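Note sheet for the following structure.
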Amino acid sequence: MTEQHETPPSGVSKALQKDIPQATVARLATYLRVLAVLADDGVAIVSSEELAVAAGVGSAKLRKDLSFLGPNGVRGVGYDVIKLRDRIEDVLGLSEGHRVVLVGAGHLGRALVGYGGFRRRGFAMVGLFDNDPAVIGSVVCGLVVRDVAELTDAVATLEPTIAVITVPDTAAQGVCDLLVDAGMQCILSFSALALDAPATVEVRRVDLAVEMQLLSFERARNAESAAEEAMSVAAGSLMPRVPLTTSKGAVVQP
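Residue numbers are given in numbering that gives the first Met the number 0: position 127 of the sequence shown equals residue 126, and the series is strictly consecutive.
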């Protein structure tokens with residue numbers, strides 16, 4: 000174990016949150032996932048090196064990221080898993096949990112509703128909507144699929160904080176407009192299209208095809224690097240072994 004980082008009291012100022020870079024926020028979410036697993040396994044203390052390895056980052060970067068959470072404390076012990084988890088949840092605005100509605104009860108939407116990890120991380124699915132008469136009224140993981148025509152009234156009743164769009168691309172903008180009109184300010188879209196929304200509404204897009212294309216690029220780049228390294232090794236082994244001559248004329252075989 001390397002060092003103890005004491006977490007400050009709960010309650011995060013808006014100024015602190017504004018100062019945290021977006022890349023750090025993304026890594027904080029990764030640290031939170033690792034800490035949640037450690038907490039479930041009964042681990043009380045974790046070192047910066049252990050946490051960094053589990054999160055797939057360098058320990059120096061991890062310590063810099065966590066410096067945004069407040070002052071560090073006692074050295075020689077490690078991070079208190081529960082305290083650090085709670086602190087990151089506080090910074091990410093997860094302390095009070097979130098209520099989520101999802102529009103689009105197709106295969107992807109049903110899979111997301113059925114994923115138990117959301118609730119464990121503070122996201123409770125409270126509403127599921129679609130416009131297909133064949134699925135309206137069906138039950139998915141305890142939620143009755145409601146007609147999307149009820150969406151505006153349902154948002155007022157359910158008071159969700161996040162909306163998820165999993166409809167076909169052709170319907171995504173229309174659903175986004177409905178959610179904005181209903182007062183939603185945080186929307187996660189799985190549509191490949193960029194959605195238009197007011198500047199006051201945060202819209203994040205998850206394009207699975209783009210993510211796979213990025214993986215394809217990384218695979219191709221790694222394969223090219225491996226091929227270049229293999230060629231370099233092979234070229235080195237084929238170089239002629241030229242005898243070396245010392246200053247006294249002696250021949251030395253390499």
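All C-beta atoms, glycine included, are put in the ideal place defined by N, C-alpha and C. Only a predicted model underlies this, so the values are computations on that prediction, with no experimental measurement involved.
Just checking my contact of F67 with D18 at CB under 8 Å: how many whole Å lie between their CB atoms? Residue numbering aside, residue 67 sits at position 68 when the sequence shown is read from its first letter. Residue numbering aside, residue 18 sits at position 19 when the sequence shown is read from its first letter. That belief holds up - the Cβ atoms of F67 and D18 are roughly 7 Å apart, short of 8 Å.
Would you list the one or two residues that DSSP bridges to Y78? For this step, residue 78 is matched to residue 79 along the sequence shown. DSSP, once it has assigned bridges, lists V45 as partnering Y78.
Excluding five sequence neighbours on each side, which residues of the same chain lie with their C-beta closer than 7 Å to the C-beta of T160? Position 161 of the sequence shown, counted from the first residue, corresponds to residue 160. The answer, listed in chain order, is H97, R98, C185.
Secondary structure, beta strand (DSSP E): runs of 3+ residues fully inside the stretch 73-124: 97-102
Bridge partners of D176, per DSSP? The residue you call residue 176 lines up with position 177 of the sequence shown. None, per the DSSP bridge assignment.
Where D18 falls: helix, strand or coil (DSSP): As a working mapping, residue 18 is identified with position 19 in the sequence shown. Three-state result, D18: helix.
Do the CB positions of L101 and A28 come within less than 8 Å of each other? Taking the sequence shown and counting its residues from 1, one reaches residue 101 at position 102. Taking the sequence shown and counting its residues from 1, one reaches residue 28 at position 29. Result no, Cβ atoms of L101 and A28 do not sit closer than 8 Å.
Close-in-space but distant-in-sequence residues of the same chain around S137 (CB under 8 Å, 5 per side omitted): Your numbering for residue 137 matches position 138 in the sequence shown. Correct list, in chain order: A104, V143, V144.
V200 - DSSP class collapsed to helix/strand/coil: By 1-based counting over the sequence shown, the position of residue 200 is 201. V200: coil per DSSP, three-state reduction.
V56 versus K82 - alpha carbon distance: Locating residue 56 in the sequence shown gives position 57, counting from the first residue. Locating residue 82 in the sequence shown gives position 83, counting from the first residue. For V56 and K82, the distance between alpha carbons rounds to 21 Å.
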